[in-house]
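Student:
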Amino acid sequence: MMAFLATPLVVFMIFVAPLWLILHYRSKRKVSNGLSCEELEQLKQLATRAEAMQARVKTLEKILDSEAPNWR
């Protein structure tokens, strides 16, 4: 009965635990490094697109306000 429980524990400790720790600390390191240059550029592009979409929404709201005052 003890061998039945010990075998999965040994397999876990030899294979799963080290891999789990390596992946955990690798992700921690990536998060602590902040954004890469590519990610920062992508974030700037998304912010620009969001501002353009916001301007479009405001324009559409003005059009709807003038054509259908009770649309809201």
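74 is the number of the first residue of the sequence shown in the numbering used here; add one for each residue after it.
All residues carry an ideal CB built from backbone N, CA and C; glycine is no exception.
No experiment lies behind these values; they were computed from the predicted model shown.
1. Determine the DSSP secondary structure at P81, reduced to helix, strand or coil.
2. Please say whether W144 and L137 have beta carbons closer to each other than 8 angstroms?
3. Jot down the residue ranges of each uninterrupted alpha helix (DSSP H) in the stretch 86–121, minimum 4 residues, whole runs only, in chain order.
Tutor: Looking at the coordinates:
1. Here residue 81 refers to the residue found at position 8 when the sequence shown is read from its first residue. Looking at P81 - three-state DSSP - the assignment turns out to be helix.
2. Locating residue 137 in the sequence shown gives position 64, where the first residue counts as 1. Locating residue 144 in the sequence shown gives position 71, where the first residue counts as 1. Yes, Cβ-Cβ distance for L137 and W144 is below 8 angstroms.
3. 90–106
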